[in-house]
Amino acid sequence: VTLQMIRKVMRLTRDFTLTSELLGITIEEAEAAYEGWNKAPVMHGYRIPGREKAWQREELIILGQMWNRGEQAGEIAKKLKRSRSSVSGKRRALGLPARTQVSRETAEKHKTELRNSA
427 VTLQMIRKVM RLTRDFTLTS ELLGITIEEA EAAYEGWNKA PVMHGYRIPG
477 REKAWQREEL IILGQMWNRG EQAGEIAKKL KRSRSSVSGK RRALGLPART
527 QVSRETAEKH KTELRNSA
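Count along the sequence shown from 1, add 426, and you get the number used in my numbering.
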């Protein structure tokens with residue numbers, strides 16, 4: 427997780443705890459990224475927009491935790507009772523890293539290596 431990524435999420439959430447949960451880092455790491463930031467936002471905590479389907483703080487935490495565990499957007503969407511595209515869009519808006527694309531051949535080769543090493 428880069429300093430730039432931490433600051434991007436922090437600018438959107440304005441909350442150290444939520445930032446650390448989303449990115450899978452410690453609160454101390456989030457606070458360290460905030461120090462020395464010339465145009466740092468005021469950290470007043472996450473404010474829920476006044477829209478009916480606005481993302482709740484708990485949903486954002488679940489999204490971050492599940493994404494960091496490697497779960498797919500479809501699985502996260504089922505858990506949160508939202509669409510897959512909604513989850514993907516929020517992931518992008520928060521600056522969470524995308525999954526790396528691997529070919530089937532590479533994936534099979536990796537699985538075979540893992541089986542043989544065990």
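Note that beta-carbon positions come from the ideal geometry of N, C-alpha and C, so glycine has one too.
Alpha-carbon spacing of residue i relative to residue j, whole angstroms
i, j, result
"E501", "K516", "15 Å"
"W493", "R437", "20 Å"
"E539", "A533", "10 Å"
"V435", "A456", "10 Å"
"R477", "S512", "15 Å"
"R473", "W481", "10 Å"
"A499", "S514", "6 Å"
"K535", "S543", "12 Å"
"L506", "A458", "31 Å"
"S529", "K537", "12 Å"
"A466", "Q430", "12 Å"
"E485", "K479", "11 Å"
"V427", "I451", "8 Å"
Contact belief for residue i with residue j at Cβ below 8 Å, rounded distance in angstroms
i, j, result
"G490", "L522", "7 Å"
"F442", "I432", "Rounded, the Cβ-Cβ distance is 10 Å, inconsistent with contact."
"R510", "A519", "Wrong, their Cβ atoms sit about 15 Å apart, outside the cutoff."
"R440", "V468", "7 Å"
"L444", "R483", "6 Å"
"E447", "I487", "5 Å"
Inset, instruction - Inspect the CB distances between the region 479-497 and the region 455-467 and report whether three or more fall short of 8 Å. - result: no
Legend entry - Whole runs of the beta strand (DSSP E) within the region 441-495, excluding any shorter than 3 residues: none
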